[in-house]
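Residue numbers (the working numbering): 288 to 710.
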């Protein structure tokens with residue numbers, strides 16, 4: 288048996304909510320004031336919004352043609368922030384064919400939210416060659432610590448929190464992969480597949496001074512062990528000392544990061560942004576088609592894996608892709624409403640059939656969102672469930688989220704319509 292083939296197969300498969308982590312009292316971030324009201328996409332306000340209220344505008348993360356030209360993800364970013372980046376091509380063979388490298392930056396340039404490219408790495412106690420970069424992380428905590436140190440040398444990790452909710456959408460695919468690997472090897476080796484989600488709060492310093500950052504990831508790990516058929520061979524015993532073959536292949540499935548000056552990192556706003564992203568169904572279909580054509584893995588598994596990557600933990604499998612089509616429809620409808628263009632017929636989840644409702648509620652539970660009816664666009668939209676009250680800014684693609692039942696946007700110079708949760 289050529290174990291390189293088995294491990295290469297694992298590498299190909301390993302391609303490309305619950306409150307946020309908290310620091311101690313001295314490090315606990317506070318709400319950052321939204322950006323300049325003079326920015327074109329910002330709500331027309333004359334008074335800063337109060338603490339605990341966030342204004343988020345719609346944004347599309349575009350693909351310049353790596354998979355299919357057009358929007359790849361739909362989501363929200365803080366109002367008046369500037370977005371850049373999008374889908375980029377893979378830089379090494381051991382990777383998904385397309386990656387996300389996107390960032391939104393505050394008007395003063397000191398705060399950011401971002402989705403950074405997913406990663407694949409491998410460790411082995413054998414001299415087996417691999418196209419994957421070498422890495423030893425066997426937990427998401429270790430991965431985040433290494434990533435933070437690489438991006439911000441000298442950074443201090445202040446807190447780490449397991450986020451099992453991040454991994455909820457990937458567990459079934461991991462279980463299927465584990466059964467498939469072990470069946471294919473016929474008992475000659477054992478592969479354990481685990482999925483973890485986590486987030487780390489850290490401190491670092493850059494040209495703007497002391498900063499705080501939040502970095503989160505969903506990661507899948509393939510832990511393989513096989514008996515050493517060459518035990519006793521002088522060459523292999525010198526390397527393995529009689530130990531079995533061991534390999535760890537790790538891959539991030541979803542990533543997110545936020546940074547801000549010390550004392551101004553708004554964890555709840557960052558969570559609302561992270562939870563907002565959903566895949567564009569046309570782009571997702573093109574991605575599925577490419578993955579199937581590459582023949583990396585069985586087609587239905589392709590759908591599960593690709594969906595986990597682009598949906599941030601909510602699997603857009605064949606059975607629920609219609610729901611993501613509806614979410615994308617909401618984005619299009621809202622954009623049309625803001626510009627005066629014709630709106631498509633129907634809402635985000637057409638009809639009241641029990642199947643539609645169950646599908647919606649399942650996605651809500653995985654992503655940590657609540658579905659609200661947008662009376663301005665005439666559609667349903669999914670927003671962070673941590674906020675009980677939502678408003679749609681009239682004639683703009685912007686939402687205001689708050690936990691305060693008495694919040695009145697008119698007091699802040701904003702014309703907006705309150706939205707009700709869909710039950």
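By construction, the Cβ of each residue, glycine as well, lies at the ideal position given by its N, Cα and C atoms. Note that this is a predicted model, so its numbers are computed, not measured.
| Per-residue burial, residue 704 [other beta carbons within 10 Å of its own, 16 or more giving buried] | Mapped onto the chain shown, residue 704 falls at position 417. So residue 704 ends up on the exposed side.
| query | Run through DSSP, which three-state label would residue 376 get? | reply | Taking the chain shown and counting its residues from 1, one reaches residue 376 at position 89. In this structure, residue 376 counts as strand in the three-state DSSP scheme.
| message | Excluding the 5 residues flanking residue 434 on each side, which residues of the same chain have their C-beta closer than 7 Å to its C-beta? | response | Your numbering for residue 434 matches position 147 in the chain shown. Here the set comprises 502.
| task | Rounded to whole angstroms, what's the CA-CA distance from residue 336 to residue 575? Just pull it up for me. | result | Position 49 of the chain shown, counting from 1, holds the residue named residue 336. Position 288 of the chain shown, counting from 1, holds the residue named residue 575. Roughly 42 Å between the two C-alpha positions.
| task | Taking 8 Å as the cut-off, decide whether the C-beta atoms of residue 399 and residue 392 are in contact. | result | Sequence index remark: in the chain shown, residue 399 carries index 112 (1-based). Sequence index remark: in the chain shown, residue 392 carries index 105 (1-based). Against a cut-off of 8 Å, the Cβ pair of residue 392 and residue 399 comes out as a contact.
| task | With DSSP collapsed to three states, give me the class of residue 449. | result | In the chain shown, the residue the question calls residue 449 occupies position 162. Residue 449 falls in the strand class under three-state DSSP.
| Proximity below 8 Å, CB of residue 691 to CB of residue 422 | As a position in the chain shown, residue 691 is number 404, starting the count at 1. As a position in the chain shown, residue 422 is number 135, starting the count at 1. Their beta carbons are not under 8 Å apart, which means residue 691 does not touch residue 422 by this criterion.
| Is it true that the stretch 425 to 442 meets the stretch 455 to 464, where meeting means three or more beta-carbon pairs spaced less than 8 Å apart? | no
| If you follow the beta strand (DSSP E) that residue 543 is part of, which residue opens it and which one closes it? | In the chain shown, residue 543 corresponds to position 256, counting from 1. Segment 532 to 548, the beta strand (DSSP E) holding residue 543.
| query | Any idea what DSSP makes of residue 734, helix, strand or coil? | reply | Past the boundaries of the shown model lies residue 734; the chain is included only from 288 to 710, so the question cannot be answered.
| task | Compare the C-beta of residue 400 with all C-beta atoms of chain C and state if any pair is closer than 8 Å. | result | The structure shown contains no chain C; it holds only a single protein chain.
| query | Are the beta-carbon atoms of residue 409 and residue 534 separated by less than 8 Å? | reply | Translated into positions along the chain shown, residue 409 becomes position 122. Translated into positions along the chain shown, residue 534 becomes position 247. Yes. Within cutoff.
| query | Which residues mark the beginning and the end of the beta strand (DSSP E) in which residue 382 is found? | reply | Along the chain shown, one-based indexing puts residue 382 at 95. Unbroken run through residue 382: none, as it is neither H nor E.
| Are the beta-carbon atoms of residue 670 and residue 680 separated by less than 8 Å? | Position 383 of the chain shown, counting from 1, holds the residue named residue 670. Position 393 of the chain shown, counting from 1, holds the residue named residue 680. Not closer than 8 Å, so no.
| said: Quick check on residue 364: does DSSP put it in helix, strand or coil? | reply: Position 77 of the chain shown, counting from 1, holds the residue named residue 364. Note: residue 364 maps to strand in three-state DSSP.
| task | Using the Cα positions of residue 712 and residue 414, report the straight-line distance between them to the nearest angstrom. | result | Outside the shown range of the chain (288 to 710) lies residue 712, about which nothing can therefore be said.
| request: Name the two residues that bound the continuous beta strand (DSSP E) containing residue 479. | output: Residue mapping note: residue 479 aligns to position 192 of the chain shown, counting from 1. 476 to 493 is the extent of the beta strand (DSSP E) around residue 479.
| task | For residue 510, name the three-state secondary structure that DSSP assigns. | result | Looking up residue 510 in the chain shown gives position 223. It is a strand residue.
| In terms of DSSP beta bridges, what is residue 689 paired with? | Against the chain shown, residue 689 aligns to sequence position 402. 340, 676, per the DSSP bridge assignment.
| field | Where the alpha helix (DSSP H) through residue 431 begins and ends | value | What you label residue 431 is simply residue 144 of the chain shown in a count that begins at 1. Counting along the chain, the alpha helix (DSSP H) containing residue 431 begins and ends at 427 to 438.
| request: Measure the CB-CB distance between residue 490 and residue 442 and report whether it falls below 8 Å. | output: Taking the first residue of the chain shown as position 1, residue 490 is located at position 203. Taking the first residue of the chain shown as position 1, residue 442 is located at position 155. Going by C-beta atoms, residue 490 is nearer than 8 Å to residue 442.
| request: Check each candidate in 487, 695, 497, 652 and name the one with the smallest Cα separation from residue 444. | output: Indexing the chain shown from 1 puts residue 444 at position 157. Nearest option by C-alpha distance: 487.
| request: Indicate whether residue 365 and residue 347 have their beta-carbon atoms separated by less than 8 Å. | output: As a position in the chain shown, residue 365 is number 78, starting the count at 1. As a position in the chain shown, residue 347 is number 60, starting the count at 1. Their beta carbons are not under 8 Å apart, which means residue 365 does not touch residue 347 by this criterion.
| field | Pairwise C-alpha distance: residue 484 and residue 668 | value | Start at 1 with the first residue of the chain shown, and residue 668 comes out as number 381. Start at 1 with the first residue of the chain shown, and residue 484 comes out as number 197. Computed Cα separation, rounded: 25 Å.
| query | So what's residue 710 in DSSP terms, helix, strand or just coil? | reply | Position 423 of the chain shown, counted from the first residue, corresponds to residue 710. Residue 710 falls in the coil class under three-state DSSP.
| query | Below 8 Å between beta carbons: does that hold for residue 478 and residue 497? | reply | Taking the first residue of the chain shown as position 1, residue 478 is located at position 191. Taking the first residue of the chain shown as position 1, residue 497 is located at position 210. Cβ distance not < 8 Å, so residue 478 and residue 497 don't count as in contact.
| Roughly how many whole angstroms lie between the Cα atoms of residue 389 and residue 349? | Residue 389 sits at position 102 when you count from the first residue of the chain shown. Residue 349 sits at position 62 when you count from the first residue of the chain shown. Residue 389 and residue 349: Cα-Cα distance of roughly 9 Å.
| task | Provide the residue(s) that pair with residue 395 in DSSP beta bridges, ordered along the chain. | result | Taking the chain shown and counting its residues from 1, one reaches residue 395 at position 108. Bridge partners of residue 395: none, in fact.
| message | Just verifying my parser: in three-state terms, what is the DSSP assignment at residue 653? | response | Within the chain shown, the letter at position 366 stands for residue 653. Residue state, collapsed to three classes: helix.
| said: Cutting at 7 Å between CB atoms, please list the residues of its own chain near residue 562, excluding the five before and the five after it. | reply: Numbered from its first residue, the chain shown carries residue 562 at position 275. Once the five neighbours on either side are set aside, the close Cβ partners of residue 562 are 304, 654, 655, 656, 671.
| request: Please classify residue 698: does DSSP put it in a helix, a strand, or coil? | output: By one-based count along the chain shown, residue 698 stands at place 411. It is helical.
| In the structure shown, what three-state DSSP assignment does residue 463 receive? | Counted from its first residue, the chain shown places residue 463 at position 176. In the structure shown, residue 463 sits in a helix (DSSP, three-state: H, G or I).
| field | Buried/exposed call for residue 693, threshold 16 Cβ in 10 Å | value | Position 406 of the chain shown, counting from 1, holds the residue named residue 693. Label assigned to residue 693: exposed.
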